[in-house]
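Everything on this sheet refers to the single structure shown next.
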Amino acid sequence: MSGDIPDNFKHLRVHREGRILNVEIDNPPINLITIPLLLDFINLTKWAQDDEESTVLVLRSNVEGFFIAHFDVEALLSMDSGGANTNSSLTSFDELCLRFQKMNKVTICVIEGRVGGGGSEIAMACDLRFAATETAVMNQMEVPIGIIPGGGGTQRLPELVGYSRALELIVGGLDLDATTGEKWGYFNRALPERELDEYMKKLLNRIASFNTESVRSAKEALQLTRPDLVPGLIAENTLFNDRNYSDSGTELMQRFLQLGGQTKDQESRIEEFALEVAKGEINPENSNLGEP
-16 MSGDIPDNFK HLRVHREGRI LNVEIDNPPI NLITIPLLLD FINLTKWAQD DEESTVLVLR
44 SNVEGFFIAH FDVEALLSMD SGGANTNSSL TSFDELCLRF QKMNKVTICV IEGRVGGGGS
104 EIAMACDLRF AATETAVMNQ MEVPIGIIPG GGGTQRLPEL VGYSRALELI VGGLDLDATT
164 GEKWGYFNRA LPERELDEYM KKLLNRIASF NTESVRSAKE ALQLTRPDLV PGLIAENTLF
224 NDRNYSDSGT ELMQRFLQLG GQTKDQESRI EEFALEVAKG EINPENSNLG EP
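Under this note's numbering, the residue at position 290 of the sequence shown is numbered 273, and the numbers go up by one with no gaps.
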């Protein structure tokens, strides 16, 4: 099945270049995963899975300084605990990430800017991640604001960088720069922006020139080497809900927003800012009076 690209995306710009689907994420100022953007991603993956004309799907950002930020903390706080996923099923976010992982085409992220929280979980679910050395930084910032990664971060990050490094990054709320991320295995390659553009053009055109069924079969076979993530994803979600609906989790997330979380200024310094949130100490000059 194939057809025209849907025209109802609010925050995604999708265009086809031969067998390559180019997707630009456009939800300024930080590409926060709001409910409308989440729905765009869900609809994109469901449509792209059935698109027979494409071999590769590429995610890029149209927002300077950010690839994809975390999930909307205001939305997390507004969720009713009675509606939490407490059974043995996957969440819609987990299902989204599994579609990126298992889609019958190569899924690639070109990361120029910050990627964090749920944005990092989407990136890790994709097959390949390439970084601009000047700007790419990853941060799983959940623990400092009272919760834990809840969209596969605790399951996929150890697969990429190993258990000990994943624990260091998650419980430390630490930035992972492009160069270190390449050494540790989070990024496939980290290149200067000009070289990155040239390399991506070469790689994408090369993959797209090969027999589509051969590319799909190779990915399907390689997927068989990976662990079954579903039990861990379900357990992670239970632990996430425990924190998300706890008094301390709610207090810290509210403080995160009150002190300027989800503004460009604070998200650009999330490692330092999240620590200030956790300690309840912040310089007034760095408060939520910054750029929205």
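Note that the Cβ used here is the ideal one computed from N, Cα and C, for glycine as well.
Everything numeric in this text was worked out from a predicted model, so none of it was measured.
Taking a contact as a CB-CB distance under 8 Å, the pair S37 and L73 does not count as one, their CB atoms being some 25 Å apart. In this chain, the alpha helix (DSSP H) harbouring G101 covers G101 to A108. R172 is bridged by DSSP to F113. Looking at the DSSP output, H(-2) bridges to N5.
Excluding five sequence positions before and after F256, the CB atoms of its chain that fall closer than 6 Å to its own CB belong to Q249, given in chain order. Assignment of beta-bridge partners to T90 by DSSP yields L40. I18 and P12 have their C-alpha atoms roughly 15 Å apart. Distances from the alpha-carbon of E57 to those of E259, G232, A261 and E254 put G232 closest. Where V120 is concerned, the enclosing beta strand (DSSP E) starts and stops at V120 to N122. In the DSSP annotation of this structure, the continuous segment of the beta strand (DSSP E) that includes I51 starts and ends at F49 to I51. Closest in C-alpha terms to F49, from the list K166, R226, L205 and I8, comes I8. For a cut-off of 8 Å, the C-beta gap from G134 to F76 is around 5 Å, short enough to register as a contact.
Contact between R(-1) and T195 does not hold, since the beta-carbon distance rounds to 14 Å and is not under 8 Å.
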